[in-house]
Each structure stands twice: as C-alpha cells, then as structure tokens.
Amino acid sequence: MSREVRIPTGIAGLDRVIEGGVRDNTTLLVVGSSGTGKSTFAMQYLTYGLEHGENALYISMEEPPEQILREARMLGFNLDRFYEKELFFFHSKGRDFVKLVDEQLPALVEANKNFSVKTRVVIDPLTPLIWAINDKQEQREIITKLFYTMKQLGPVLITTEEHAAPGETIGEDVLIPIYMSDGAVHLTYRPIGGAFNRALEIVKMRATRHGEEVYPYIFVRGMGVVVRTTPLVSAEDMRKYDDLFDKAIRTAADLGASETVLERLAYVKENWSYPFSPKETLQIFFESQGLTDALTREEIARRKEESRPSDIQLDIAELTAKEPATTMPEMPDANSGDAGDEGLIEIEDLRELEELIQ
Ligand SMILES: Nc1ncnc2c1ncn2[C@@H]1O[C@H](COP(=O)(O)OP(=O)(O)OP(=O)(O)O)[C@@H](O)[C@H]1O
Ligand SMILES: [Mg+2]
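Take the position in the sequence shown, starting the count at 1, then add 2; the result is the number in this note's numbering.
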C-alpha cells in the first residue's frame with residue numbers, strides 16, 4: 003500500500019476504492035462507449051479541483067470552449083465563473099494537435115514550473131487523435147509524449163471512446179492509451195433497465211490497492227456520477243476475521259489436517275483482504291482438503307498420527323466411535339468477534355477425552 007498523497011478525483015464513490023484518490027503527476031484513463039458518462043466524469047473531476055482552489059486545463063480536439071461550457075451546464079456543472087481565471091482551454095484540431103504536443107504544451111509546463119497552484123488536466127475525448135493518426139507506431143509516440151508532458155502539470159484525466167467488437171471486452175483502439183496510463187477505469191452500459199445497467203470496473207491503478215468489483219453507478223443531477231462502492235477494508239478491519247481463522251485452524255487441526263495445510267491457513271489469515279467473511283472460502287477449502295466432519299474418529303486419529311508421530315498414541319476411535327455425518331464443519335459466525343462454536347470439534351473436548359483415557 004502506498005503512503006503517497008492522494009488527490010481526490012471528486013467522482014463520488016470512486017476515491018473510496020483507490021486509496022483516496024489518484025497520485026499527483028499520473029494519468030487516469032476513462033474508457034467507455036458513447037453515452038456511458040465520460041464527459042460527466044471529466045466535468046466532475048474538473049469541478050472538484052476548481053472548487054478546491056486548483057487550476058484546470060481542458061484540452062479539446064473537437065469543440066470550442068463555449069460549447070464545452072454549454073455542455074457542462076447541461077450536465078449540471080456551471081464552470082462559467084472559472085473561465086479564463088482558473089480554467090483554461092487548449093483547442094486544437096487534427097494534425098495541429100501534434101504541434102500542440104510538441105511545442106505549446108511543453109512551453110506551458112516550463113512557464114508553470116514556478117507556479118505553486120496545482121493544475122488538473124482533462125482531455126475529453128482523446129479519440130479524434132487516435133483516429134487522426136493511422137500509423138500505430140506514430141500513435142504510440144504522440145500519446146507517450148502527450149501523457150508525459152501533461153503529467154508534469156498535475157494529475158490528468160483522459161477519456162477515450164470505446165468501440166468494442168462483439169465478444170471483445172475492450173476495443174483494440176484503446177489498448178495503447180490503457181497501456182500508457184497509470185490508471186484506467188472502464189464504464190459499461192447495458193440497456194437492460196434496473197439499477198445495475200451502468201457499471202464501472204477498475205482496469206488498473208498503478209501503486210494502488212484498488213477495488214476489484216464491478217461497481218454500479220448512477221447519474222445524480224447536481225452531483226454527476228455516483229459510483230456505488232463499499233469502502234475497502236482498512237488495515238484494522240482486516241483483523242476482524244482473525245477469530246474466525248483461528249477457530250478454523252483449530253478445527254482443521256482437530257480434523258487431522260497436515261502441518262502444511264495448517265501453515266497455509268495461517269498464511270491465508272495474514273493475507274485475507276476482502277471486505278466479506280472468509281467463512282464460505284474456508285468451507286470450500288476444507289472440503290477440497292477432505293476435512294469434513296464426515297471423517298470418522300479412526301481417520302482423524304490416523305491422520306494425526308501421520309502428521310505428528312511424536313504425539314502420545316491414543317486409540318480415540320475405539321472409545322468414541324461416531325457415525326459419519328454428511329455435513330460440512332460449521333465455521334464460526336462471520337462478524338461476531340467471538341465466533342460461535344456450533345458443529346466444531348473443540349480441541350478442549352479432545353483434551354478432556356485424553357485426560358479421561360489417562
Ligand atoms: N440525470 C441523468 N439521468 C439519467 N441519465 C443521465 C443523466 N445525466 C446524464 N445521463 C446519461 O448520460 C449520458 C451522457 O453522459 P456523458 O455525456 O457524460 O457521456 P459520454 O460518455 O461523454 O458520451 P459521448 O460519447 O457522447 O461523449 C446521456 O446520454 C444520458 O444517457
Ligand atoms: Mg462525452
């Protein structure tokens with residue numbers, strides 16, 4: 003996990019699952035087909051910065067500033083008051099864009115060097131540039147240079163139009179920008195109605211522990227996009243399943259699991275980072291390892307002898323013959339600090355048994 007300062011994107015819900023925001027001087031790519039909300043993302047991103055004392059640079063390849071501001075108003079963002087005070091535009095078409103990348107942008111970076119105010123940069127969309135340059139090699143070179151230069155100004159958000167062929171997850175023409183970016187999110191729209199028709203996925207986020215789920219998002223007038231995320235588990239929260247793991251390890255030991263399996267369980271305990279309980283995973287794992295309470299006492303005793311030959315030899319089976327059951331061993335309750343005991347073969351019971359025998 004990185005300790006670097008994070009810059010909030012302003013996109014509600016997203017920052018929660020990317021450790022609080024983006025890193026300075028990095029690029030974040032928003033990929034999505036037409037109407038998925040890319041411009042809304044861009045406007046939200048700019049607005050957040052402008053409302054928090056930052057400057058913003060909008061690089062546009064198609065539309066003049068007036069039209070962009072008009073569209074922003076239609077999306078619910080009034081940026082007029084910042085125009086040419088904190089919000090600046092670079093408007094450059096087609097091949098002229100190469101000149102912008104080669105000359106104007108580096109000059110701006112130079113002029114900006116001693117300027118302490120942070121500048122957010124937006125390109126919405128990058129697509130016309132990709133279309134204007136057919137040669138893949140040239141495309142890669144100009145995108146590399148563009149990203150490299152923009153990043154020197156501050157955190158950058160770029161949007162790219164996606165045209166995925168049927169069966170493709172992500173279209174070919176966005177692969178270069180994704181590859182070149184420090185982070186990428188993918189927006190999808192499935193016109194099936196209901197709350198889950200728009201979804202966001204984080205494709206990558208360098209140096210960031212990020213959420214891995216498919217997050218539905220909604221448009222809220224006055225807010226823009228709201229991504230419906232659950233906060234990632236914090237370091238303290240991660241420990242909340244320790245009791246459950248400890249119980250599972252004891253149960254596994256009671257069921258005669260080998261040292262290797264017990265070590266593996268201890269390793270999983272240390273590395274569990276999901277926000278949900280490991281109960282189901284543990285049950286599946288137990289079953290895969292043949293650790294069920296369908297095991298007879300003979301089998302358990304045999305396993306124990308095998309894994310710990312130095313242990314006192316006890317003929318537990320003879321004393322406690324038990325009908326094989328068909329159910330899985332119950333795991334303790336997920337959220338309770340003190341995990342429940344149902345269905346577990348308690349190690350205490352076995353000790354009692356041993357004492358009894360002796
Ligand atoms: N308040 C809202 N309620 C429902 N849908 C909305 C709302 N606001 C925006 N949308 C949807 O978002 C779409 C436009 O979002 P936006 O312009 O950000 O998308 P885009 O990905 O930039 O599209 P384009 O490819 O045309 O540039 C609209 O077509 C509409 O479907
Ligand atoms: Mg758009």
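No residue lacks a Cβ here, since even glycine has one placed at the ideal position from N, Cα and C.
Taking only the alpha-carbon atoms, compute the straight-line gap between residue i and residue j and give it to the nearest angstrom.
i: D248; j: P277; result: 18 angstroms
i: R25; j: K95; result: 29 angstroms
i: D17; j: P10; result: 6 angstroms
i: V103; j: R75; result: 29 angstroms
i: S62; j: V235; result: 38 angstroms
i: G224; j: V123; result: 22 angstroms
i: R208; j: L30; result: 10 angstroms
i: G34; j: D184; result: 17 angstroms
i: A44; j: Q139; result: 28 angstroms
i: G12; j: K40; result: 14 angstroms
i: L284; j: G292; result: 12 angstroms
i: E56; j: T294; result: 60 angstroms
i: L48; j: L264; result: 51 angstroms
i: D256; j: I302; result: 8 angstroms
i: K242; j: A113; result: 51 angstroms
i: S260; j: V205; result: 38 angstroms
i: Y191; j: R252; result: 47 angstroms
i: A14; j: V227; result: 7 angstroms
i: Y60; j: V158; result: 10 angstroms
i: E215; j: E203; result: 7 angstroms
Check whether the Cβ of residue i lies closer than 7 angstroms to any heavy atom of ligand 1, and answer yes or no.
i: R230; result: no
i: R223; result: yes
i: G37; result: yes
i: L31; result: no
i: L77; result: yes
i: E65; result: no
i: E163; result: yes
i: G22; result: no
i: G34; result: yes
Could you have a look at residue i and say whether DSSP puts it in helix, strand or coil?
i: K153; result: helix
i: Y47; result: helix
i: T161; result: strand
i: P277; result: coil
i: R208; result: coil
i: I9; result: strand
i: P179; result: helix
i: P218; result: strand
i: A166; result: coil
i: E21; result: coil
i: N337; result: With a pLDDT of 45 at N337, under the threshold of 50, the predicted position of this residue should be treated as unreliable, though the coordinate-derived value follows. Residue state, collapsed to three classes: coil.
i: V235; result: coil
i: T298; result: coil
i: A303; result: helix
i: T190; result: strand
i: R230; result: coil
i: L202; result: strand
i: L293; result: coil
i: A319; result: Because A319 carries a pLDDT of 43, less than 50, the predicted location of this residue cannot be relied on, and no value is offered for it.
i: L148; result: helix
Item checked: 4 or more residues per run - each alpha helix (DSSP H) lying fully within the segment 50 to 83 -> 67 to 76
Checklist line | ligand 2 site residues, beta-carbon cut 7 angstroms against heavy atoms | finding: K40, S41, D126, P127, T161
Notebook entry, point to check: What are the complete alpha helix (DSSP H) segments, minimum 4 residues, inside the segment 86 to 121?
Noted result: 98 to 101, 107 to 114
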